[in-house]
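S.K.: My questions will all concern the structure given below.
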Amino acid sequence: MDGTLGQGRTPDRRRAIRRIPTELSWLRGLRLRPGLDVVLVNLSTGGALVETSTQLRPGARTVLRLTGATGSWTVSGSVLRSWVAAIDPEHGVVYRGALVFDQVLDLQAGHDDSPASHPHRS
Numbered sequence: 037m038d039g040t041l042g043q044g045r046t047p048d049r050r051r052a053i054r055r056i057p058t059e060l061s062w063l064r065g066l067r068l069r070p071g072l073d074v075v076l077v078n079l080s081t082g083g084a085l086v087e088t089s090t091q092l093r094p095g096a097r098t099v100l101r102l103t104g105a106t107g108s109w110t111v112s113g114s115v116l117r118s119w120v121a122a123i124d125p126e127h128g129v130v131y132r133g134a135l136v137f138d139q140v141l142d143l144q145a146g147h148d149d150s151p152a153s154h155p156h157r158s
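Here it is in structure tokens:
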């Protein structure tokens, strides 16, 4: 045994590249309907991974509002899965939720006016 990391790991089967907040310079904030502020873990063209203090119910329909430098956009979808990510003595339970979008979100990383496809600009 040579101790090489990566042996026996499952290959990454993700359909889309995940972008972390530092790669999305245009993004100023996120809100999940019905008015929950969420923290972005990562965002792709097909969904998002978010953190919140409120438990998300798998299968629930939702709308994610992305606020950027030049406007805001909404994209509808559903909660794919949700789990407890941490228990913080100061802030309580932190949940993570995986959201899947109903339509592809064109992020065009590096552009100031993203998402480029403007699925539902508001």
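Residue 37 is where the sequence shown starts when you use the working numbering, and the numbers rise one by one after that. For glycine and all other residues, C-beta sits at the position ideal for the given N, C-alpha and C. Just so you know, these numbers come straight off a predicted model, no measurement behind them.
Where does E59 sit, in a helix, a strand or coil, going by DSSP?
M.R.: Taking the first residue of the sequence shown as position 1, residue 59 is located at position 23. E59 falls in the helix class under three-state DSSP.
S.K.: How far does the beta strand (DSSP E) with D124 in it reach, from first residue to last?
M.R.: For the purposes of this step, residue 124 is identified with residue 88 of the sequence shown, where counting begins at 1. Run containing D124: S108 to D124, per the beta strand (DSSP E) assignment.
S.K.: Grouping DSSP H, G and I as helix and E and B as strand, with all else coil, what is G133?
M.R.: Here residue 133 refers to the residue found at position 97 of the sequence shown. Looking at G133 - three-state DSSP - the assignment turns out to be strand.
S.K.: Secondary structure at V74, three-state DSSP: helix, strand or coil?
M.R.: Taking the first residue of the sequence shown as position 1, residue 74 is located at position 38. Looking at V74 - three-state DSSP - the assignment turns out to be coil, as it is neither helix nor strand.
S.K.: Consult DSSP for R101 and reduce its assignment to one of helix, strand or coil.
M.R.: Counting from one through the sequence shown, the residue named residue 101 turns up at place 65. DSSP places R101 in strand when its eight states are reduced to three.
S.K.: Alpha carbon to alpha carbon, what distance is there between L85 and A105?
M.R.: What you label residue 105 is simply residue 69 of the sequence shown in a count that begins at 1. What you label residue 85 is simply residue 49 of the sequence shown in a count that begins at 1. Approximately 21 Å between the Cα atoms of the pair.
S.K.: The beta strand (DSSP E) that contains V86, what's its start and end?
M.R.: If you number the sequence shown from 1, residue 86 lands on position 50. Looking at the DSSP string, the run of the beta strand (DSSP E) that includes V86 is G83 to T88.
S.K.: Under the three-state reduction of DSSP, which class applies to L141: helix, strand or coil?
M.R.: Counting from 1 along the sequence shown, the entry for residue 141 is found at position 105. Here L141 sits in coil by DSSP.
S.K.: Helix, strand or coil, according to DSSP, for L79 in the structure here?
M.R.: Translated into positions along the sequence shown, residue 79 becomes position 43. Correct three-state label for L79: strand.
S.K.: What residues in its chain sit with their C-beta under 6 Å from that of T88, if we drop five residues either side in the sequence?
M.R.: Counting from one through the sequence shown, the residue named residue 88 turns up at place 52. Only L72, V74 and Y131 meet the Cβ criterion.
S.K.: According to DSSP, is L92 helix, strand or coil?
M.R.: For the purposes of this step, residue 92 is taken as residue 56 along the sequence shown, with counting starting at 1. Three-state result, L92: coil.
S.K.: What does the Cβ neighbour count give for V113, buried or exposed, with the cut at 16 atoms within 10 Å?
M.R.: Numbered from 1 along the sequence shown, position 77 holds the residue referred to as residue 113. Inspection of the sequence shows that residue 113 is occupied by Gly rather than by Val. Its Cβ being crowded by 16 or more others within 10 Å, G113 is buried.
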